[in-house]
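If you read the sequences in order, they're chains A and B. Its first residue numbered 1, the first sequence is counted upward by one per residue in this note's numbering. Its first residue numbered 1001, the second sequence is counted upward by one per residue in this note's numbering.
Number of protein chains: 2
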Amino acid sequence: MSNATPKTAITPRRDEDFPEWYQQVIRAAELAEPSDVRGCMVIRPWGYGIWENMQRQLDGMLRATSHRNAYFPLFIPLSYFAKEAEHVEGFAKECAVVTHTRLEVDADGKMKPASPLTEPLVIRPTSETIIGASYARWVRSYRDLPILINQWANVVRWEMRPRLFLRTTEFLWQEGHTVHETEAEARAEARLILDIYERFARDHLALPVFTGEKSDSERFPGAVQTLTIEAMVQDRKAIQAGTSHFLGQNFSRASGIQFQNRDGKQEFGWTTSWGVTTRLVGTVVMMHSDDDGAVLPPRIAPTQIVILPITPKEQTRAAVLEACDKVAARLSDTRYAGAPIEVLVDRRDLGGGVKNWEWIKKGVPLRVEIGPRDLEKNSVELSRRDQSVKAKESMPMEEFVARAPEILTSIQESLYARAQKFRDANTRTIDSKKDFYDFFTSKSGAKPEIHGGFARAHWNGSREIEEQIKNDLKVTIRVIPLEDSSEHGQCIFTGEPSARRVIWAKAY
Amino acid sequence: MSNATPKTAITPRRDEDFPEWYQQVIRAAELAEPSDVRGCMVIRPWGYGIWENMQRQLDGMLRATSHRNAYFPLFIPLSYFAKEAEHVEGFAKECAVVTHTRLEVDADGKMKPASPLTEPLVIRPTSETIIGASYARWVRSYRDLPILINQWANVVRWEMRPRLFLRTTEFLWQEGHTVHETEAEARAEARLILDIYERFARDHLALPVFTGEKSDSERFPGAVQTLTIEAMVQDRKAIQAGTSHFLGQNFSRASGIQFQNRDGKQEFGWTTSWGVTTRLVGTVVMMHSDDDGAVLPPRIAPTQIVILPITPKEQTRAAVLEACDKVAARLSDTRYAGAPIEVLVDRRDLGGGVKNWEWIKKGVPLRVEIGPRDLEKNSVELSRRDQSVKAKESMPMEEFVARAPEILTSIQESLYARAQKFRDANTRTIDSKKDFYDFFTSKSGAKPEIHGGFARAHWNGSREIEEQIKNDLKVTIRVIPLEDSSEHGQCIFTGEPSARRVIWAKAY
């Protein structure tokens, strides 16, 4: 079979060229494509449908914990942005800047920007400073606290090495920004959000994640503490999938967010910020997909069940289509994970094999074929996307309609279990520098699969060691676990005492 | 009572200074506020909640008609944008332009934009040209059509005279962009969307609108035909509340959207675009609110029912709060207009009058007081926001819970009926130039109320007449009705034959 026809697997396979396989899955599943604007992508309806599901579900979790959405300006005056020194330094290289308004035709007949602005405007790479300006107006007394606001928005960070979903100049995200009366409350908020992100990743995206703190060198510019969830995808690299920052009083000092506390004294607010982005779509694809295309967890798939009518003969066609529509209508009336099942009958006049492969590549969790012979037996043919594309199961129609939510749940759970098994198999406890270097170094002749992953190793807390490991191996500390269950030990690089093991990996 | 306390009506009244009244309602209801970035507003949670409801409900109508959401880049390369001549001319004055990336500290220690871009990027004022570039890649054959895509996004049009919600430099909107095989299909799509907008305005926003076509001078730059819905607000001015454009082949020629038609020939696609914006929030406020504050239609109010516990004595406090929570829980389990009722118990430790006035100003459709005496009688005290703030109705608790959806429906309908009555009372059929000028000219001594509104008058179709009326009276043609029910007649300005009456008004 030719690779040019759609009736085939993805080329190359994952084990041949993982980055190129990823690009091909994104393309074959029609999730997104590069645009002519450097680093900016077009999110196609199938990819955007995944993001909409993520949005709706996470938004529900944020609402349930008293957060409300609002919207703040896209533009940040340069003077605002520069208020927090570490912050502006951290983002300076990635800023896109509006310097002019209006276009006019110049002497050569070319269209050019016409009116320079008095003060340039930075397009938000993140909104702490512009939102802080509002909060400074809103907060007067401890009675005005906490402020618990979230924003769904686009942000821009100029990207020299873009990769669809994972790293794009413009991306979509939610950014929460809260103000609290005390340090303890703000720390608790940052932790609450970390827990929500972990739960969201686990239950909705089927992503097992490690949670904890970032080292100083990986902290958000301006934060006191950055908490993170880190996933491992199929090339055994880490992806930072969401972060929650305790900002102390750094940004409230910069923006002037002051309140009269219970003792009648003026005090700066304690703030947090936190976000997840469209990067999650890429993470899900890298985690669950296979050599045949995308594999989507049922909870976030835009279509959960596709029904493929098999109509070889004209005289049975009407009856088959009618049966398909009936099954679809009953599934639409059935709820899975709190919402009606999203089902689609693919009536297009294309070959059955072409359609089947299209949905395989798009990663629809469950494909259901109904043809004349199924009608006779009053049954359907099921294909689960978490199993081989050739595996089919025949099931009585009634039973299928009744069991559909349970089957979707089973697919969701199997994806999580597979991801967890993979991660655990590729997470090593390492106790010597030599083993550490061996783990992250591909030996000639040895298959790359047996190297790399997450290494749990003791570290003395020094930034120099981090720097050296990064230079030697491109490996960084992904997360410092928060739990106090860790054993004390010796740093494997220096022999110095270490309070806990930290998790190291190569990362996106 | 002092105007400085929150326990008062809005100052000034509508009939004293309508524009200032509007600003004060927006502020008092905490819907939005200006930001320090010229023309950009902050949409506060209460205002954003209204927009979220509008989004969800309109999105459902668009999905039900086979439209799907996607996301395209914020940036448009200047060369793309300039492809359609009329289009770039129409938007040139309003463009914000990114010319640089990166910030660096200059010799004076000042932060400055550092790296100039080879090609400047326009921040989308609308996305026909950037989306057209994708469509040109996607469309090959008539089998790829129609493309029915919508985008929820922010856009930027530099605004010299901003007004919260109605005219802001950055605003939020949905923009649909479709491609069709034939002119007839594209025209039918533009018409379908007009019908959806009309229905959405009527059933969700309680806004009666006139629908029809724009005159050439008010057409979208680059369109063949612009359809519009026009509302009349309480100062009897028109607000254009949504537009649907038939673009012919203008933009497909500019972007190269070509397909092989059924005869095997290459043909340019027929496209449409259409949108509604956060301006709708301002329109709703201007239409329904009163001298006490905002009045929100129940279907789009973020909170539909607020329960105010009256707790004068400590010993009855717990029982009152418990009763409030019980009623709230039962209301949350009740559906209104297809969704659970949004209810909130305001437990804050503030004076009852202060809280009551806060919710009056925010425009919550139904306020419910429950105090010790109500508990004894097992009843509640209802205040409908569409009635006087002093009107209260006592109702048995059980009856109230059962009838809540019906009461919300009644409020929604009464707002619509009131708006329609107002519009009809201020729409005149005018048959002479003198009457027309009188209608739009405020006479000394005469109350301004009795002048202005919508004038239905014959017009010969000439652009010069439009221009003259605009210069003389600041009055424009808001809409040319599509229905063929109109009588033929004579242009009231020239005496020339006219095929139909058109609707004239002052407009936002």
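Where is the CB? At the ideal position from N, CA and C, for every residue including glycine. Since we're looking at a predicted model, the values are computed, not measured.
Q | Where B:R1367 falls, given that 16 or more other Cβ within 10 Å makes a residue buried | A | buried
Q: Name the residue from A:V233, A:P340, A:K355 and A:T228 whose alpha carbon lies nearest to the alpha carbon of A:L482.
A: Comparing Cα-Cα distances from A:L482 to each of A:V233, A:P340, A:K355 and A:T228, the minimum goes to A:T228.
(Q) Going by C-alpha to C-alpha distance, which of B:P1116, B:K1093 and B:I1123 sits closest to A:V105? (A) B:K1093
Q.
What would DSSP say about B:A1004, mapped onto helix, strand or coil?
A. Bear in mind that a pLDDT of 39 at B:A1004, under 50, signals an unreliable position, so the model cannot answer this.
Q.
The beta strand (DSSP E) that contains A:K112, what's its start and end?
A. M111 to I123
**Q.** Coarse secondary structure for A:E449, derived from DSSP in three states
**A.** Below a pLDDT of 50, predicted positions are generally treated as unreliable, and A:E449, at 48, falls in that range; no measurement from the model is reported.
Q) Apart from the five residues on each side of it in sequence, which residues of its chain come closer than 8 Å, Cβ to Cβ, to A:G312? A) This sequence places Pro at residue 312 of chain A; Gly is not what is there. These residues qualify, in order along the chain: G371 and P372.
Q: Could you tell me whether any Cβ in chain B is nearer than 8 Å to the Cβ of A:S127?
A: no
(Q) Could you give the first and the last residue of the continuous beta strand (DSSP E) run that contains B:N1154? (A) I1147 to V1156
Q. If you check the beta carbons only, do A:I149 and A:A70 fall under 8 Å apart?
A. yes
Q) The alpha helix (DSSP H) spanning A:L366 covers which residue range? A) Per DSSP, A:L366 belongs to no alpha helix (DSSP H); it is in the beta strand (DSSP E), L366 to I370.
Q. Just how far apart, CA to CA, sit A:G495 and A:H458?
A. 9 Å
Q. Taking just the CA atoms, how far does B:T1008 sit from B:W1357?
A. 7 Å
Q. Which runs of the alpha helix (DSSP H) fall wholly inside the region 68-109 of chain A and span at least 4 residues, in chain order?
A. Taking only runs of at least 4 residues, the alpha helix (DSSP H) segments lying wholly in the region 68-109 of chain A are 78-81 and 85-91.
Q: Check each residue of the region 1195-1222 of chain B: if its Cβ is closer than 7 Å to any Cβ of chain A, include it; give the result in chain order.
A: none
Q: Closer than 6 Å by C-beta to B:G1039: which residues in its own chain qualify, once you throw out the five before and the five after it? Chain order, please.
A: Shown here for B:G1039: same chain residues with a beta carbon closer than 6 Å to its own, the five before and five after excluded, namely E1159, P1162, T1168 and T1169 in chain order.
Q: Go through the region 337-399 of chain A residue by residue and report every complete run of the alpha helix (DSSP H) that reaches 4 residues or more, in order.
A: 352-362 and 372-377
Q: List the residues of chain B whose Cβ lies closer than 8 Å to the Cβ of A:L31, in chain order.
A: Ordered by position in chain B, no residue passes the 8 Å Cβ test against A:L31, which lies about 11 Å from the chain.
(Q) By the DSSP assignment, the alpha helix (DSSP H) with B:P1019 in it spans what residues? (A) F1018 to A1028
Q. Under a CB-based cut-off of 8 Å, is A:I480 close to chain B?
A. no
(Q) Am I right that B:I1010 and B:A1028 are in contact with their C-beta atoms under 8 Å? What's the rounded C-beta distance? (A) 6 Å
**Q.** Continuous alpha helix (DSSP H) stretch holding B:P1045: start and end
**A.** P1045 to A1064
Q: With a floor of 4 residues, list each alpha helix (DSSP H) that falls wholly inside the region 234-263 of chain A, ordered by position along the chain.
A: If only uninterrupted alpha helix (DSSP H) runs of at least 4 residues are considered, those enclosed by the region 234-263 of chain A are 250-255.
Q) Counting pairs of Cβ atoms below 8 Å between the region 375-390 of chain A and the region 411-418 of chain A, do you hit three or more? A) yes
Q: With DSSP collapsed to three states, give me the class of B:L1172.
A: strand
Q) For the region 98-109 of chain A, which residues have a CB atom closer than 7 Å to at least one CB atom of chain B, in sequence order? A) Near chain B, meaning a CB-to-CB distance below 7 Å, the residues of the region 98-109 of chain A are V98, T99, H100, T101, R102, L103 and E104.
Q. Rounded to the nearest angstrom, how far is the Cβ of B:A1186 from that of B:T1126, given a contact under 8 Å?
A. So it is not a contact: roughly 18 Å between Cβ atoms.
Q. What residue from A:P77, A:S141, A:Q304 and A:T211 has the CA that sits closest to A:G264's CA?
A. The shortest C-alpha separation from A:G264 is found at A:S141.
(Q) Could you check whether A:S255 and A:A85 sit closer than 8 Å to each other, using their CB atoms as the reference points? (A) no
Q.
Looking at chain A, is there any beta carbon in it that lies within less than 8 Å of the beta carbon of B:E1016?
A. False, the Cβ-Cβ gap to chain A never drops below 8 Å.
(Q) Counting only Cβ pairs nearer than 7 Å, list the residues of chain B close to A:K93. (A) R1102
Q: Go ahead and pull the three-state DSSP assignment for A:P497.
A: DSSP, read as helix, strand or coil, puts A:P497 in strand.
Q.
Quick check on DSSP: helix, strand or coil for B:M1160?
A. Note: B:M1160 maps to coil in three-state DSSP.
Q.
Let's test the definition: count the other Cβ atoms within 10 Å of the Cβ of B:T1005 and tell me whether it reaches 16, buried, or not, exposed.
A. Confidence at B:T1005 is low in this model, with a pLDDT of 42, below 50, so the placement of that residue should be treated as unreliable; the coordinate-derived value is given next. When all chains shown are included, B:T1005 counts as exposed.
(Q) So with CB distances below 9 Å, who are the chain D contacts of A:S410? (A) This model lacks chain D altogether, as its protein chains are A and B.
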